[in-house]
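Enquirer: Sending over a structure as structure tokens; questions will come in a sec.
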Amino acid sequence: MQRDVAERPLATWEDFLDYTEGAAVAPAAVFVYILACKVRRDGSSVSSLSRPFADYARHLAIFSYLVHILRDLKADAERAPQHLTLPDDLLAESGLTKASLQEAAKAGDDAALGPLVGTIAALTERHYSLTMRDLALLNDETDGDAAMLVGLAEVYSQQFETIRGDFRSVLEGGGVVDMATVDRLLAAGKA
């Protein structure tokens, strides 16, 4: 968040990953902490996880953040590209700057947006694989208490598959959330 306050740009992918530590990983780590801790009679808590909480949360947080970026890319680029949390080096690899990204988004220029979408999709896929590995470990270590996070990853995975399958519909403002899955997960959480 210090980067936001100081209005420092994201120059590199490493800057992006550093930014996500505060913007996405830290809140997700708190959730993992809540899931994993057992409260003792004296009110103190204890966890027997084999790794730090953030290690279980990191890839899920980055994966879901990247899905949000893909889903909102056109709208965010049109509105205010300086607020896009995309590093300059990622844009440059795709032949774009924030200004040319805004122009392409406003013009609906899929050809200009395609390389960037492909790059982000590849990164998203990598973090999804790592997410599922980490959540399987967390679920084992919490005797199934992390099933809710596995379900959350499933919802984001469906969004990602929809985006990847038909990015044009996202550019046109189409929804990507399968509400039947969300309803099923909410019902399971109440049981």
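Going from the sequence shown to my numbering is simple: count from 1 and add 3.
Cβ coordinates follow ideal geometry from the N, Cα and C atoms, glycine included.
Owing to the predicted nature of the structure, the values given are computational and were not obtained by experimental measurement.
1. For a quick check, are the C-beta atoms of Val35 and Ala149 less than 9 Å apart?
2. Could you check how far apart the C-beta atoms of Ala124 and Leu73 are, in whole angstroms? I think they sit under 8 Å.
3. Return the chain-ordered list of same chain residues with a C-beta closer than 7 Å to the C-beta of Leu43, the five sequence neighbours on each side being excluded.
4. Taking all protein chains shown into account, do 16 or more other C-beta atoms lie within 10 angstroms of the C-beta of Val33, making it buried, or fewer, making it exposed?
5. Could you tell me whether the Cβ atoms of Leu93 and Thr122 are closer together than 9 Å?
6. Quick one: Cα of Ala83 to Cα of Val158, how far?
7. Short of 8 Å in beta carbon distance, which residues of its chain neighbour Pro30, apart from the five on each side in sequence? Order them along the chain.
8. Which same chain residues end up closer than 7 Å to Ala80 when comparing Cβ atoms and leaving out the 5 residues on each side of it in sequence?
9. Under a Cβ-count criterion, where at least 16 other Cβ atoms within 10 Å of its own Cβ denotes burial, should Ser97 be classed as buried or exposed?
10. Note down the Cα distance separating Pro12 from Thr100, rounded to an integer number of angstroms.
11. What distance in whole Å lies between the Cβ atoms of Val153 and Leu138, which are believed to be in contact at a cut-off of 8 Å?
12. With a threshold of 16 other CB atoms inside 10 Å of the CB of Ser47, please say whether the residue is buried or exposed.
13. For Ser50, does the three-state DSSP call read helix, strand or coil?
Expert: So, from the data block:
1. As a first step, residue 35 must be located in the sequence shown, where it is residue number 32. As a first step, residue 149 must be located in the sequence shown, where it is residue number 146. Cβ distance < 9 Å, so Val35 and Ala149 count as in contact.
2. The count along the sequence shown starts at 1 and reaches residue 124 at position 121. The count along the sequence shown starts at 1 and reaches residue 73 at position 70. That belief holds up - the Cβ atoms of Ala124 and Leu73 are roughly 7 Å apart, short of 8 Å.
3. Within the sequence shown, the letter at position 40 stands for residue 43. Per the sequence presented here, residue 43 reads as Arg, with Leu not at that position. Cβ neighbours of Arg43 beyond the five flanking positions: Val49.
4. Along the sequence shown, read from residue 1 onward, the residue named residue 33 stands at position 30. Result: exposed.
5. To locate residue 93, count along the sequence shown from 1; it is residue 90. To locate residue 122, count along the sequence shown from 1; it is residue 119. Yes. Within cutoff.
6. Taking the first residue of the sequence shown as 1, we reach residue 83 at position 80. Taking the first residue of the sequence shown as 1, we reach residue 158 at position 155. Approximately 27 Å between the Cα atoms of the pair.
7. Taking the sequence shown and counting its residues from 1, the one referred to as residue 30 is at position 27. Same-chain partners within the cutoff: Ala64.
8. Locating residue 80 in the sequence shown gives position 77, counting from the first residue. Taken in chain order, the residues that qualify are Leu87, Leu104, Gln105, Ala108.
9. Taking the sequence shown and counting its residues from 1, one reaches residue 97 at position 94. So Ser97 ends up on the buried side.
10. Position 9 of the sequence shown holds residue 12. Position 97 of the sequence shown holds residue 100. Straight-line Cα distance between these residues: approximately 13 Å.
11. Sequence index remark: in the sequence shown, residue 138 carries index 135 (1-based). Sequence index remark: in the sequence shown, residue 153 carries index 150 (1-based). Yes, they are in contact, since the Cβ atoms of Leu138 and Val153 sit about 5 Å apart, within 8 Å.
12. Taking the first residue of the sequence shown as position 1, residue 47 is located at position 44. The residue is exposed, with fewer than 16 neighbouring Cβ atoms inside 10 Å.
13. Indexing the sequence shown from 1 puts residue 50 at position 47. Correct three-state label for Ser50: coil.
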